Every structure is written in C-alpha cells, then in structure tokens.
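Participant: Have a look at this one before I ask anything.
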Ligand SMILES: *Cc1c(COP(=O)(O)O)cnc(C)c1O
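Numbering (the working numbering), first residue to last: 895 to 1117.
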C-alpha cells in the first residue's frame, strides 16, 4: 500500500488557485489504496477498465464520484451506466448513442467529455476537430447524455513548449465549441487535461479536471 498523502496535499494546493478539480486515477491499484485516499477526503476517482471499475465501485463507499477515463467499447457501457458520473473518453457518435441508451434505462443523465486527439503520437485515441463538430451535430438529440466539455492527452515528451501548445490548442477549440454550440453556457465547462507529469502546464492552460495517478498512488506495475 503506497498512497502518497504528501503529494496529495501538494496537488490540492496547486490546483486550488485555478479552481480545478482532481480526478485520482486508481487503475490497477487496490481498493485499500482508494479507501486510504477517500479517508483523506478525496471523492472523485478515475478508472480505465470496465470490469475493474464495476468491481471496485461495489466494494467502496457509495458517495464516490466515478469517472471513466479509458478507451470504452460500446458493448461494455451497460456495466457502468448505472453509477458512472462522467465518461471522459467519448470518441464516436455510436458510443455516445449507446451511453444515451443505457443511461435512459436507468433514468440517468451521464456527463460526457469528447476526447480530442491533440498529441503527435499515433497511439492515442481521440477525435479530430472536424469529428468533434460531427458528434456535436448529433448530440443535441440525446437527452440522457450531457456534453460537459473536452478531454485531451498531450504528447509523452519532455518538450514543455510542445505540451503547452497542445493544451492551448484544445482550449481554443473548447472556447469555439462553447460559443457555437452552447451559447457560452456553463453546462459546457470542463477541460480534462493534465496527468502526473504535465498537470502544472495543463492548469496554466485552462484545465478544470486534472487526472493524476502515479503521483498519488506510486508507479503502476503492470504484470
Ligand atoms: C493512467 C491515466 C492517467 C494518469 O496518469 P499518471 O501519469 O499516472 O498521472 C491520466 N489519464 C488517463 C487517460 C490515463 O489513462
């Protein structure tokens, strides 16, 4: 068990002036670690894998706000639809329609972020700018999802200026989408950017939700 409460408090101190919120990314980590951070006051946790999230949610306090941040397959939406608060990784109209359908079955509205491809690596998922607008054209007809903002992952690089440029580009798109589709409304306000290595840059470039794992829970040992 290795929750780093010093880092936790430091992250909170760093995000507070920006009025951003922390998503504690707990993928691969045991429920004991999540409980430890919960006991320190954290309520928003992010997970990447459907089965793992469903298992953990059943074993942890009910007032945790669960965010799904990993790549999501349509046929698995039904397992998290009863309880998930926000899905950060919407990357197609098909997926959004399925989330809407499953949310309706539970009389819920699930908050969704559109994941935008901003990095220069080919391995990352996400929509192009043109695809963002295509999804938005369809989204208005779906009453059980609310598009709450955009999510993006910057390139995995030491080049801070490149990271900053990628975050800045996403923020510009966010402003444009908000003006064109939401009349500047508050319901479209989230910019989910920033991980352990780049969250300070993300905050400077307008992040409202930082997704931080290894700084809080230690390195992940994939087996
Ligand atoms: C794992 C993950 C994170 C957290 O990464 P750290 O570098 O451990 O902070 C954030 N966002 C997404 C989408 C992830 O998959």
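From the three backbone atoms N, C-alpha and C, an ideal C-beta is built for every residue, glycine too. Since the model is a prediction, treat every value here as computed from it, not as a measurement.
Could you tell me whether the Cβ atoms of residue 962 and residue 985 are closer together than 8 Å?
Facilitator: The sequence position of residue 962 within the chain shown is 68, counting from 1. The sequence position of residue 985 within the chain shown is 91, counting from 1. Cβ distance not < 8 Å, so residue 962 and residue 985 don't count as in contact.
Participant: Check whether the Cβ atoms of residue 1153 and residue 939 lie closer than 8 Å to each other.
Facilitator: For the chain, the structure presents residues 895 to 1117; residue 1153 sits outside this window and is missing.
Participant: Taking 8 Å as the cut-off, does the stretch 1042-1049 touch the stretch 987-1001 (at least 3 CB pairs, one atom from each stretch)?
Facilitator: Output reads no: the stretch 1042-1049 does not touch the stretch 987-1001.
Participant: Could you check where the alpha helix (DSSP H) with residue 1009 kicks off and where it finishes?
Facilitator: Locating residue 1009 in the chain shown gives position 115, counting from the first residue. Taken as a continuous stretch (DSSP letters only), residue 1009 belongs to no alpha helix (DSSP H), being part of the beta strand (DSSP E) at 1004-1010.
Participant: Can residue 1089 be considered in contact with ligand 1, in the sense that its beta carbon sits closer than 7 Å to one or more heavy atoms?
Facilitator: Within the chain shown, numbered from 1, the residue matching residue 1089 stands at position 195. Yes, the Cβ of residue 1089 comes within 7 Å of a heavy atom of ligand 1.
Participant: Rounded to whole angstroms, what is the Cα-Cα separation between residue 1079 and residue 1069?
Facilitator: On the chain shown, position 185 is the one that residue 1079 refers to. On the chain shown, position 175 is the one that residue 1069 refers to. C-alpha separation (whole angstroms): 11 Å.
Participant: Cα-Cα, which of 949, 952, 902, 945 is closest to residue 933?
Facilitator: If you number the chain shown from 1, residue 933 lands on position 39. Closest by alpha carbon: 902.
Participant: Leaving out the 5 sequence neighbours to the left and right, which residues in its chain are closer than 8 Å to residue 1063 when beta-carbon positions are compared?
Facilitator: Residue numbering aside, residue 1063 sits at position 169 when the chain shown is read from its first letter. Excluding positions up to five away in sequence, the list reads 1012.
Participant: Taking only the alpha-carbon atoms, compute the straight-line gap between residue 983 and residue 974 and give it to the nearest angstrom.
Facilitator: As a first step, residue 983 is located in the chain shown; it is residue number 89 there, counting from the start. As a first step, residue 974 is located in the chain shown; it is residue number 80 there, counting from the start. In a straight line, the C-alpha of residue 983 is about 14 Å away from that of residue 974.
Participant: Got a sec, what are the start and stop residues for the beta strand (DSSP E) residue 987 sits in?
Facilitator: Residue mapping note: residue 987 aligns to position 93 of the chain shown, counting from 1. Note, residue 987: premise wrong, no beta strand (DSSP E); alpha helix (DSSP H) at 987-999.
Participant: How close, in whole Å, do the beta carbons of residue 1023 and residue 1067 come, if the pair is a contact with beta carbons under 8 Å?
Facilitator: For the purposes of this step, residue 1023 is identified with residue 129 of the chain shown, where counting begins at 1. For the purposes of this step, residue 1067 is identified with residue 173 of the chain shown, where counting begins at 1. That pair is a contact at about 6 Å.
Participant: Does the Cβ-Cβ distance between residue 1102 and residue 937 come in under 8 Å?
Facilitator: Here residue 1102 is taken as the residue at index 208 of the chain shown, counted from 1. Here residue 937 is taken as the residue at index 43 of the chain shown, counted from 1. No, the Cβ-Cβ distance between residue 1102 and residue 937 is not below 8 Å.
Participant: At which residues does the alpha helix (DSSP H) containing residue 1020 begin and terminate?
Facilitator: On the chain shown, residue 1020 is found 126 positions in, with the first residue counted as 1. Element bounds for residue 1020: n/a, residue is neither H nor E.
Participant: Where do the N-terminal and C-terminal ends of the beta strand (DSSP E) with residue 1063 fall, by residue?
Facilitator: Residue numbering aside, residue 1063 sits at position 169 when the chain shown is read from its first letter. Run containing residue 1063: none in the beta strand (DSSP E); it sits in the alpha helix (DSSP H), 1054-1075.
Participant: Tell me whether residue 1108 sits in a helix, a strand or coil according to DSSP, three-state version.
Facilitator: One-based indexing of the chain shown puts residue 1108 at position 214. Residue state, collapsed to three classes: helix.
Participant: Can you look up residue 1103 in the DSSP assignment and give me helix, strand or coil?
Facilitator: As a position in the chain shown, residue 1103 is number 209, starting the count at 1. It is a strand residue.
Participant: Could you tell me which whole beta strand (DSSP E) segments of length 3 or greater appear in the stretch 935-994?
Facilitator: Runs of the beta strand (DSSP E) inside the stretch 935-994: 938-941, 959-962, 980-984.
Participant: Between residue 1105 and ligand 1, is there a pair consisting of the residue's CB and a ligand heavy atom that are separated by less than 7 Å?
Facilitator: Counted from its first residue, the chain shown places residue 1105 at position 211. Yes, since a heavy atom of ligand 1 falls inside the 7 Å radius drawn around the Cβ of residue 1105.
Participant: Would you kindly work out how many angstroms separate the C-alpha atoms of residue 1104 and residue 968, rounded to a whole number?
Facilitator: Counting from one through the chain shown, the residue named residue 1104 turns up at place 210. Counting from one through the chain shown, the residue named residue 968 turns up at place 74. When rounded, the distance between both Cα atoms is 25 Å.
Participant: Grouping DSSP H, G and I as helix and E and B as strand, with all else coil, what is residue 1080?
Facilitator: The residue labelled residue 1080 in the question sits at position 186 within the chain shown. Coil at residue 1080, not helix or strand.
Participant: Would you check if there are 3 or more beta carbon pairs closer than 8 Å linking the stretch 1049-1059 to the stretch 1031-1041?
Facilitator: Segments in contact, no.
Participant: Return yes when the C-beta of residue 899 is under 7 Å from any heavy atom of ligand 1, and no when it is not.
Facilitator: In the chain shown, counting from the first residue as 1, residue 899 sits at position 5. Checking every heavy atom of ligand 1 against the Cβ of residue 899, none is found closer than 7 Å.
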